[in-house]
Amino acid sequence: MRVAIGGSTGMIGTALSRHLVQAGHDVVRLVRGGVTASDQRHWDPDAGRIDAPGLDDVDAVVNLAGAPIAGGRWTKDRRTEIRRSRVTSTLTIVTSLTPDGRCRRLLNGSAIGYYGDTGLDVVDESMPAGRGFLAEVVADWEAAASHSPVPTAVLRTGHVLAREGGYLAMQRPVFALGLGGRVGSGRQFLSWISLADHVRAMAFLLDHDLTGPVNLVAPNPVSNAEFTRSFGRYLRRPTPLPLPLTAVGAIFGREFVNEALLPGQRVRPARLLEAGFDFAHPKLDQAFAALG
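Numbered as in the working numbering, the sequence shown ends at 562 without a single skipped number.
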């Protein structure tokens with residue numbers, strides 16, 4: 271299979287590229303800068319362009335492109351970029367595909383932010399969109415993907431756990447100083463997935479005909495307090511005090527705290543489980559142990 275990947279230089283895109291190549295597939299990495307390798311192809315989502323031959327020579331596309339949610343303080347311009355980068359990259363992909371072309375599959379990025387704050391309720395892919403900035407961004411993101419002329423799955427991704435980068439990269443410096451702790455009450459649920467399982471799930475979806483929303487989370491979400499204790503054990507650091515939200519808010523903005531840290535999301539990967547996907551790291555301690 272020949273697979274084009276948007277967002278190929280990010281943590282998940284890099285891991286997926288490596289996985290697919292090791293499995294014997296060909297990968298076309300879509301890059302915004304200059305082309306420096308034979309497997310790269312330039313694209314400019316802002317202009318809606320992909321260099322020839324576009325996507326005419328691939329069997330599937332995985333689009334993971336989008337500005338990082340935690341890439342800085344949520345100014346008005348930053349919020350605009352978070353939304354715009356996801357919508358424009360998706361529209362560039364879907365308008366480059368044709369119903370009678372070689373490409374028969376699109377996996378497009380999404381996030382469990384779609385559900386908003388769900389409290390202690392368990393939610394699956396059948397739940398409607400929630401409220402708030404992130405829920406609105408994801409709804410727009412998925413709306414752009416809905417224009418795809420080929421069968422499409424949207425990857426509602428939880429917090430991805432990796433040794434370098436991802437959710438842990440934001441948490442690690444604070445925990446390493448012994449200042450890590452629960453967020454707020456710590457009762458809110460956190461839905462996570464190991465990077466290895468995220469990559470394996472995408473490869474699984476390339477070989478299966480699931481379309482529409484698919485939750486990419488492990489089957490055992492945990493409370494924020496439980497996550498805090500587990501991460502502290504992994505780093506061998508104490509976690510006695512709550513996270514100083516005032517300091518976090520001063521760096522990222524109060525909206526980031528209210529939207530990305532305090533809400534709870536207890537998400538179930540219903541469609542992956544029903545399709546027979548086997549998680550390598552279904553429990554949090556297993557995911558941390560695998561990081562080494």
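Heads up, the beta-carbon is just placed ideally off N, CA and C, and yes, glycines get one too. Because the structure is a prediction, the values reported are computed rather than measured.
Query: Short Cβ contact (7 Å threshold) for Asp394 with Arg536; Result: no
Query: Runs of alpha helix (DSSP H) wholly within the segment 507 to 535 (minimum 4 residues, chain order); Result: 515 to 522
Query: Assigned secondary structure, His468 (DSSP; H/G/I helix, E/B strand, else coil); Result: helix
Query: Asp316 versus Leu511 - alpha carbon distance; Result: 44 Å
Query: Given 8 Å, three or more beta-carbon pairs between the segment 478 to 497 and the segment 448 to 456; Result: yes
Query: Bounding residues of the alpha helix (DSSP H) (the contiguous stretch that carries Gln292); Result: 281 to 292
Query: Extent of the continuous alpha helix (DSSP H) run through Ser500; Result: 494 to 505
Query: Expected contact under 8 Å - CB spacing of Ser380 and Thr427 to nearest Å; Result: 7 Å
Query: Cβ shell of Ile457 (< 8 Å), same chain only, five flanking positions each side left out; Result: The amino acid at residue 457 is misidentified as Ile; the sequence shows Arg. Here the set comprises Leu390, Ser493, Asn494, Ala495, Gly534.
Query: Buried or exposed (CB count within 10 angstroms, at least 16 for buried), Gln441; Result: buried
Query: DSSP beta-bridge partners of Gly436; Result: Leu431
Query: Cutoff 7 Å; reference Gly371; Cβ partners in own chain excluding five residues on either side; Result: Asp326
Query: Supposed contact pair Met472 and Leu300 - C-beta distance, whole angstroms, cut 8 Å; Result: Not confirmed; about 16 Å, so no contact.
Query: Nearest to Leu476 (by Cα), restricted to the options Thr422, Gly324, Lys553; Result: Thr422
Query: Residue of Arg506, Glu434, Ala517 minimising C-alpha distance to Asp343; Result: In the sequence as displayed, the identity of residue 343 is Arg instead of Asp. Considering only alpha carbons, the answer is Ala517.
Query: Selection from Ala545, Glu529, Gly435, Leu542 that minimises the alpha carbon distance to Thr388; Result: Glu529
Query: Residue interval of the alpha helix (DSSP H) (run including Asp410); Result: 403 to 415
Query: Own chain, CB closer than 6 Å to Leu486, minus 5 neighbours either side, in chain order; Result: Leu425, Thr427, Ile463, His468, Ala471
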